[in-house]
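J.:
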Amino acid sequence: MINSRSVDDLHPSVAAACHAFLTQCTAAGLDVIITSTYRDAESQAALYAQGRTAKGNIVTNAPAGRSYHNWRCAFDVVPLRAGKPVWGTQADEDLKLWQRIGKIGETCGLEWGGSGNLRITRTFR
1 MINSRSVDDL HPSVAAACHA FLTQCTAAGL DVIITSTYRD AESQAALYAQ GRTAKGNIVT
61 NAPAGRSYHN WRCAFDVVPL RAGKPVWGTQ ADEDLKLWQR IGKIGETCGL EWGGSGNLRI
121 TRTFR
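If you're matching positions, the sequence shown starts at 1 in the numbering used here and goes up one per residue.
Structure follows, in structure tokens:
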């Protein structure tokens with residue numbers, strides 16, 4: 001099973017957009033980490049099973065072969081505050097943080113796959 005966090009595992013045009021995104025986040029004083037880039041079919045199937053046939057919460061609606069991650073065209077990030085991941089958006093300040101990150105991604109030509117989700121997915125068009 002492969003669930004990479006390496007930008008090098010992305011399609012070259014997505015990797016370039018990812019680097020631009022990370023640079024702009026840094027320039028805006030935002031600390032983010034990449035939690036997933038390329039995922040093989042087996043890894044995607046395991047994520048899809050969560051909350052369905054396996055324990056855990058549903059974290060994706062894309063079965064294996066239907067995720068942009070399987071095609072090296074998406075990456076997930078999470079913002080950090082004081083070195084700790086900000087997974088949720090319940091607090092106003094957390095939601096605003098995620099919205100800032102989403103806007104930065106859009107300026108890099110990326111699409112925010114989240115809408116208050118625990119992660120954001122970037123894909124190229």
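A virtual CB, placed ideally from N, CA and C, is assigned to each residue, including glycine.
Would you check if there are 3 or more beta carbon pairs closer than 8 Å linking the region 60-74 to the region 100-109?
T.: No, the region 60-74 is not in contact with the region 100-109.
J.: CA-CA distance, residue 101 and residue 30?
T.: Taking the straight line joining both Cα atoms gives about 8 Å.
J.: For residue 3, list the residues DSSP reports as bridge partners.
T.: In the DSSP output, where bridge partners are listed per residue, residue 3 has 39.
J.: Considering Cα atoms alone, identify which of 2, 3, 13 is closest to residue 73.
T.: The shortest C-alpha separation from residue 73 is found at 13.
J.: Ignore the nearest five residues each way along the sequence and tell me which others in residue 38's own chain have a CB closer than 7 Å to its CB.
T.: Once the five neighbours on either side are set aside, the close Cβ partners of residue 38 are 2, 4, 9, 10, 69, 72.
J.: Do residue 89 and residue 80 have their beta-carbon atoms positioned less than 7 Å apart in this structure?
T.: Taking 7 Å as the Cβ cut-off, residue 80 and residue 89 do not qualify as a contacting pair.
J.: Looking only at its own chain, which residues have a Cβ that is under 7 Å from the Cβ of residue 50, when we skip the five neighbours before and after it?
T.: Closer than 7 Å at Cβ, skipping near neighbours: 56, 57, 58, 59.
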